[in-house]
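For reference, the structure discussed in these notes is given below.
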Amino acid sequence: MQSAPRSDSRITAGIIALAAIVVLIGGAFAGLVLEGARDPSGAFAAFDGYLLRVARFTLWQALLSTLLSVGPALLVARALSRHPGFPGRRLILQLFTVPLALPAIVAALGVLALYGHAGYFAGVLGALGGGEWPGVYGLSGILVAHVFFNLPLATRLFLEALGAVPTDQWRLASQLGMGAWPALRLIEWPALRAALPGVAGLVFMLCITSFTIVLTLGGGPAATTLEVAIYQALRFDFDPARAVVLTLLQIGLTFVVVTALMRLGANTVGDANLPVAPRRYLTTGKIEAALNAGLIALALLFVAGPIAATVLAGLDADLGRLAGEETVRRATLTSAGLSFFSAVLCVMLSLSLIAARRALALRRRLGSAMSLLEHATDTGAGFVLVVPPIVVGAGWFLLLRGVTDVFAVAPVMVVTVNAVMAMPFAIRAVRPAYDAASERHERLCLALGISGWNRLRLVDLPSLRRPLATGFAFAMALSLGDLGVIALFGSDSVQTLPYLLLARMSSYRTADAAGLALLLGLVCLMLVVVADWLGREAKA
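Just so we're aligned: the sequence shown equals residues 69 to 608 in our numbering.
Following this line, the structure appears as structure tokens:
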């Protein structure tokens with residue numbers, strides 16, 4: 069086995085990256101602890117009926133969202149798997165990636181444009197209900213938006229599990245004349261059942277940490293989750309003691325879910341790279357084919373509806389006037405600048421951890437146990453999944469409010485928090501390519517004494533150009549559409565596009581909000597498409 073030199077700058081860079089993560093998360097916890105110690109009676113007083121009601125609703129909406137997303141996804145994935153030659157199948161799967169690229173606030177606006185009080189379907193839904201359609205604010209709106217996001221994700225993950233079934237099993241089933249029900253029971257269901265806990269856990273985690281959807285569609289105190297309650301406690305009520313209790317409870321719930329996900333081996337970044345549709349040897353009856361086609365069509369309409377509504381509502385807006393507004397131009401430049409620096413920082417931190425992990429693995433003797441530092445570089449970025457952005461922002465908000473103007477440090481907080489939160493995605497894109505490049509170049513670099521900046525410039529960057537660009541594009545898209553941190557630290561002087569969009573929605577300027585949503589959605593979608601294309605090229 070190749071061995072790394074005893075003094076390796078990659079390890080030093082990894083330690084610095086870990087220290088940055090520790091400072092960010094530790095500072096948030098310090099803010100919470102200090103605030104709790106400053107007013108312990110207020111913290112204890114926060115344990116009241118409101119806290120229990122918010123916690124109960126957080127779990128309830130996440131459970132319902134998971135059931136409504138995962139259940140239909142099982143059926144849709146099986147239908148797509150049984151018909152690899154279904155007309156437009158490839159286009160449908162590409163459409164199912166769009167919700168993953170859309171910022172949550174854009175999707176929420178699409179749901180309102182379709183099912184809201186003045187939405188495209190308001191007349192039909194009102195006629196069916198025998199009165200005026202009240203809209204989808206509250207639990208119903210939250211569920212619709214969560215299913216819009218998570219049904220395509222769960223479908224792709226289940227379809228990936230079905231695609232992993234060996235072709236020999238299908239060939240043997242065909243030779244035995246196996247029908248649809250035995251094939252489901254003996255071949256498909258075991259594959260789906262193995263993937264079910266991880267997929268359901270992932271969807272549950274995404275719903276329990278949903279902030280933007282609940283903030284825009286919650287509809288009042290009766291439909292408030294822990295993260296939204298944290299935001300309200302700091303920005304509107306300014307009740308730091310209650311914010312501390314809510315934050316600690318949110319961290320506890322998220323920790324339990326993420327720990328369960330890791331034990332289940334779930335894909336916590338929600339990436340599903342689908343294989344080529346395998347050949348199916350079983351014939352499908354006409355009734356089953358019709359039912360499967362109906363399922364696929366319903367899922368397609370459900371996913372395409374809010375997307376189409378977002379586009380149509382955006383095109384109806386006065387885009388020329390919006391483009392000429394100084395506020396919009398300033399918010400666009402702010403979003404572009406913050407997301408760019410966030411993506412740069414994310415890629416730097418991710419590459420540092422990846423390189424340090426590889427160097428430590430090469431230094432470790434064959435068969436020996438991993439050191440604590442190697443464990444940290446391997447899983448350190450995943451720790452941020454336990455602490456949602458709004459929680460990190462809340463901790464730093466409390467820590468900084470007695471030291472400086474918290475709104476003046478908004479750019480720094482947005483860049484750093486979004487960079488760290490995007491690291492799991494960037495690491496997933498870059499690490500396989502870095503390990504492969506290290507296998508090819510490690511011995512030669514040791515022999516020639518190439519290390520540090522020279523190695524990065526001459527060896528690593530040329531080999532990792534496309535994977536790094538993939539991670540950069542994903543990180544920039546995530547930062548561009550994020551509302552969690554800027555919702556706390558944003559102000560009239562520091563506004564991003566999501567923040568401005570939320571402000572226009574709050575002031576009932578829905579036409580302007582629709583135009584901004586179209587602009588934001590197109591930019592984020594373009595970034596994710598570029599990232600996906602670069603990722604495929606890197607693997608080719």
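We put the CB at the ideal spot given by N, CA and C, even for glycine.
Over the uninterrupted alpha helix (DSSP H) stretch that includes residue i, give me the two end residues.
i                 : result
tyrosine 576      : Unbroken run through tyrosine 576: none, as it is neither H nor E.
tryptophan 257    : 257-276
glycine 197       : 190-197
leucine 252       : No alpha helix (DSSP H) holds leucine 252; DSSP gives it neither H nor E.
isoleucine 554    : 552-557
glycine 231       : 207-231
arginine 534      : 529-548
proline 479       : 478-489
glutamine 563     : From DSSP, glutamine 563 is part of no alpha helix (DSSP H); its letter is neither H nor E.
arginine 636      : The structure shown does not extend to residue 636, since the chain is modelled only from 69 through 608, so no value can be given for it.
phenylalanine 306 : Run containing phenylalanine 306: none; DSSP gives neither H nor E here.
leucine 244       : No alpha helix (DSSP H) holds leucine 244; DSSP gives it neither H nor E.
arginine 525      : From DSSP, arginine 525 is part of no alpha helix (DSSP H); its letter is neither H nor E.
glutamate 356     : 354-384
threonine 280     : 280-285
valine 471        : Run containing valine 471: none; DSSP gives neither H nor E here.
alanine 444       : 440-447
Take the Cβ of residue i as the centre, count every other Cβ of all protein chains shown within 10 Å, and call the residue buried at 16 or more, exposed below.
i                 : result
serine 559        : exposed
proline 343       : Reliability fails at proline 343, whose pLDDT of 46 lies under 50, so the model's placement of it is uncertain and no value is given.
leucine 92        : buried
alanine 340       : Note on alanine 340: pLDDT 46, under 50, position unreliable in the model; the coordinate value appears next. That one is buried.
proline 234       : exposed
arginine 525      : exposed
arginine 146      : buried
arginine 496      : buried
isoleucine 79     : buried
isoleucine 281    : buried
isoleucine 355    : exposed
phenylalanine 409 : buried
arginine 447      : The amino acid occupying residue 447 in the given sequence is threonine; arginine does not appear at that position. The residue is exposed, with fewer than 16 neighbouring Cβ atoms inside 10 Å.
glutamate 394     : exposed
phenylalanine 304 : exposed
glutamine 129     : buried
valine 371        : buried
alanine 599       : buried
leucine 264       : buried
arginine 523      : buried
arginine 426      : buried
serine 575        : exposed
leucine 270       : buried
glutamate 295     : buried
alanine 487       : buried
arginine 511      : exposed
leucine 182       : buried
aspartate 580     : buried
glutamine 318     : buried
Would residue i and residue j qualify as a contact pair, given that the criterion is a beta-carbon distance under 8 Å?
i              : j                 : result
serine 420     : glycine 82        : yes
alanine 301    : alanine 290       : no
alanine 585    : tyrosine 567      : no
leucine 127    : glycine 209       : no
valine 452     : phenylalanine 465 : no
alanine 222    : valine 267        : yes
methionine 481 : valine 553        : yes
alanine 543    : alanine 462       : no
leucine 588    : proline 220       : no
threonine 402  : glutamine 237     : no
glycine 247    : serine 418        : no
valine 498     : leucine 536       : yes
serine 109     : asparagine 218    : no
aspartate 528  : proline 457       : no
leucine 406    : phenylalanine 493 : no
valine 215     : leucine 163       : no
Can you determine whether any heavy atom of the ligand FAD sits closer than 7 Å to the C-beta of residue i, and answer yes or no?
i          : result
valine 477 : With respect to small molecules bound, the structure shown includes none, and the ligand FAD cannot be examined in it.
Exercise. Just list the alpha helix (DSSP H) runs in the segment 94-125, keeping only unbroken ones of 4 residues or longer that don't cross its boundaries, in chain order.
Key: Within the segment 94-125, the complete alpha helix (DSSP H) runs of at least 4 residues are 108-113.
Quiz prompt | Residue ranges of each alpha helix (DSSP H) within the segment 131-187, 4 or longer | solution = You should have 157-163, 166-169 and 172-183.
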